[in-house]
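Student: Residue numbers (our numbering): 17 to 286.
The structure follows.
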Ligand code: 8IG
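What follows is the structure in structure tokens.
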């Protein structure tokens, strides 16, 4: 089968065909992108049907960050029997592979039949009442990357991008989950304290380097999106101590079991 490589939708269809063949699952229902701290959730969702190295799948690049998992997993969800596609291999804009690479996983999920996308991430917190380890539902975003995954004059509506319906489902599991506006910066550097104050004044609650572009691509593809962040560090200037990647990994590991259980319980209701 030959697909034109300059058509991102065609590459996504090729990837979806590869996944269907490798997993024996014709259509997946839900996809999850597991960011920093969320990797343990895949084990709690249900029975893993197949694990595929993402580098075997058309269009997927090798992961660039320690702590990010480079596999795709097909899981039969306990209780519902639905099939989840777990994307453990996020590509970030700061890797320099371009925005097509960033959203290839989302487009592949859509081509694989997915209707519901769960985007997770580790991020910096802009609110003092959210210490490291706090999960937060994303209610909306500010895309400060100066780019879009959409190609051509497709004026996609982003009202209710992070579906209120899905946030309500998450709150059936944990009524105390706060929500907030996620601000995507390009990275890979963390923000300056002045940029953090800017993000606050613009209405942001969380700062990160992913998710917004993926959510836009998901909406273009007609998916319903649930976004959940894990605050792994107070953003620069919010706390007195400088940020370190080690601190981020540590906070993710500490909160891992709790947020994984939360996510599994939410997915069982989707
Ligand atoms: I984990 O403080 C994580 N990712 N932009 N700022 C940005 N991204 C992040 C941060 C942070 N922490």
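Even for Gly, the Cβ is constructed at its ideal location relative to N, Cα and C.
All figures in this text were calculated on a predicted structure; none of them were measured in a lab.
1) What does a CB cutoff of less than 8 Å around residue 249 pick up in its chain, not counting 5 residues either side in sequence?
2) What number of angstroms, rounded off, separates the C-alpha of residue 65 from the C-alpha of residue 128?
3) Per DSSP, residue 166 is paired with what?
4) Locate the beta strand (DSSP E) running through residue 276, then write down its first and last residues.
5) Nearest-angstrom Cα distance between residue 17 and residue 33?
6) For residue 136 and residue 246, what's the separation of their Cα atoms in angstroms?
7) Run the proximity test for residue 255: is its beta-carbon closer than 7 Å to any non-hydrogen atom belonging to the ligand 8IG?
8) Consult DSSP for residue 69 and reduce its assignment to one of helix, strand or coil.
9) Would you say the beta carbon of residue 161 comes nearer than 7 Å to a heavy atom of the ligand 8IG?
10) Quick one: give me the first and last residue of the beta strand (DSSP E) that residue 154 is part of.
11) For the stretch 115-123 and the stretch 232-242, state whether three or more C-beta atom pairs, one from each stretch, are separated by less than 8 Å.
12) Closer than 7 Å: is that where the CB of residue 227 sits relative to any heavy atom of the ligand 8IG?
13) In angstroms, rounded to a whole number, what distance separates the CA positions of residue 209 and residue 109?
14) Just verifying my parser: in three-state terms, what is the DSSP assignment at residue 177?
15) Can you name, in chain order, every residue of its own chain whose Cβ lies under 6 Å from the Cβ of residue 35, other than the five neighbours on each side?
16) Using 8 Å as the threshold, is the C-beta distance between residue 41 and residue 63 below it?
17) What is the DSSP secondary structure of residue 17, reduced to helix, strand or coil?
18) Say whether the stretch 48-55 touches the stretch 102-116, bearing in mind that this needs 3 or more beta-carbon pairs closer than 8 Å, one atom from each stretch.
19) Is residue 6 a contact residue of the ligand 8IG, with contact defined as CB to any heavy atom under 7 Å?
20) By Cβ distance below 7 Å, which residues in the same chain neighbour residue 38 in space, the five residues on each side in sequence not counted?
21) Would the C-beta of residue 238 count as close to the ligand 8IG, meaning under 7 Å from any of its heavy atoms?
22) Please list the segments of the beta strand (DSSP E) lying wholly inside the stretch 84-127, counting only runs of 3 or more residues, in order along the chain.
23) How about residue 264: is its Cβ closer than 7 Å to a heavy atom in the ligand 8IG?
24) How many Å lie between residue 25 and residue 151 at the Cα?
25) With H, G and I counted as helix, E and B as strand and the rest as coil, what does DSSP make of residue 32?
Tutor: A quick look at the data gives this:
1) Here residue 249 refers to the residue found at position 233 of the chain shown. Counting only Cβ-Cβ distances below 8 Å, and skipping sequence neighbours, we find 140, 141, 148, 255, 259, 263, 264, 267.
2) Reading the chain shown from its first residue, position 49 is the one you call residue 65. Reading the chain shown from its first residue, position 112 is the one you call residue 128. About 15 Å.
3) Within the chain shown, the letter at position 150 stands for residue 166. BP columns for residue 166 are empty, so no partner.
4) The residue you call residue 276 lines up with position 260 of the chain shown. Not the beta strand (DSSP E): residue 276 falls in the alpha helix (DSSP H), residues 261-283.
5) Working through the chain shown from its first residue, we reach residue 17 at position 1. Working through the chain shown from its first residue, we reach residue 33 at position 17. Note that residue 17 scores a pLDDT of 47, beneath 50, so its modelled location is shaky; the value from the coordinates is reported in the next line. For residue 17 and residue 33, the distance between alpha carbons rounds to 10 Å.
6) Numbered from its first residue, the chain shown carries residue 136 at position 120. Numbered from its first residue, the chain shown carries residue 246 at position 230. Near 8 Å, if we compare the C-alpha coordinates of residue 246 and residue 136.
7) As a first step, residue 255 must be located in the chain shown, where it is residue number 239. The ligand 8IG never approaches residue 255 closely enough for any of its heavy atoms to be under 7 Å from the residue's Cβ.
8) Residue 69 sits at position 53 when you count from the first residue of the chain shown. Looking at residue 69 - three-state DSSP - the assignment turns out to be strand.
9) In the chain shown, counting from the first residue as 1, residue 161 sits at position 145. Every heavy atom of the ligand 8IG is 7 Å or more from the Cβ of residue 161, so no.
10) Residue 154 sits at position 138 when you count from the first residue of the chain shown. It spans 150-159 - the beta strand (DSSP E) in which residue 154 sits, taken as one unbroken run.
11) yes
12) Within the chain shown, numbered from 1, the residue matching residue 227 stands at position 211. Because no heavy atom of the ligand 8IG lies under 7 Å away, the Cβ of residue 227 does not count as near it: no.
13) Translated into positions along the chain shown, residue 209 becomes position 193. Translated into positions along the chain shown, residue 109 becomes position 93. Using only the alpha carbons, I get a separation of about 22 Å.
14) For this step, residue 177 is matched to residue 161 along the chain shown. For residue 177, the three-state secondary structure derived from DSSP is coil.
15) The residue you call residue 35 lines up with position 19 of the chain shown. Hits under 6 Å: 128.
16) Taking the first residue of the chain shown as position 1, residue 41 is located at position 25. Taking the first residue of the chain shown as position 1, residue 63 is located at position 47. The answer is no: Cβ separation not under 8 Å.
17) If you number the chain shown from 1, residue 17 lands on position 1. For residue 17, the predicted structure reports a pLDDT of 47, less than 50, and the residue's modelled location is therefore unreliable. A value from the coordinates is still provided. Looking at residue 17 - three-state DSSP - the assignment turns out to be coil, as it is neither helix nor strand.
18) Here the stretch 48-55 lies against the stretch 102-116, with 3 or more beta-carbon pairs under 8 Å apart.
19) Shown here, the chain extends from 17 to 286; a query on residue 6 therefore has no answer.
20) Looking up residue 38 in the chain shown gives position 22. Cβ within range, chain order: 66, 68.
21) Position 222 of the chain shown, counted from the first residue, corresponds to residue 238. Every heavy atom of the ligand 8IG is 7 Å or more from the Cβ of residue 238, so no.
22) 87-93, 99-103
23) Taking the chain shown and counting its residues from 1, the one referred to as residue 264 is at position 248. Yes.
24) Reading the chain shown from its first residue, position 9 is the one you call residue 25. Reading the chain shown from its first residue, position 135 is the one you call residue 151. Rounded to the nearest angstrom, the two C-alpha atoms are 33 Å apart.
25) To locate residue 32, count along the chain shown from 1; it is residue 16. Helix.
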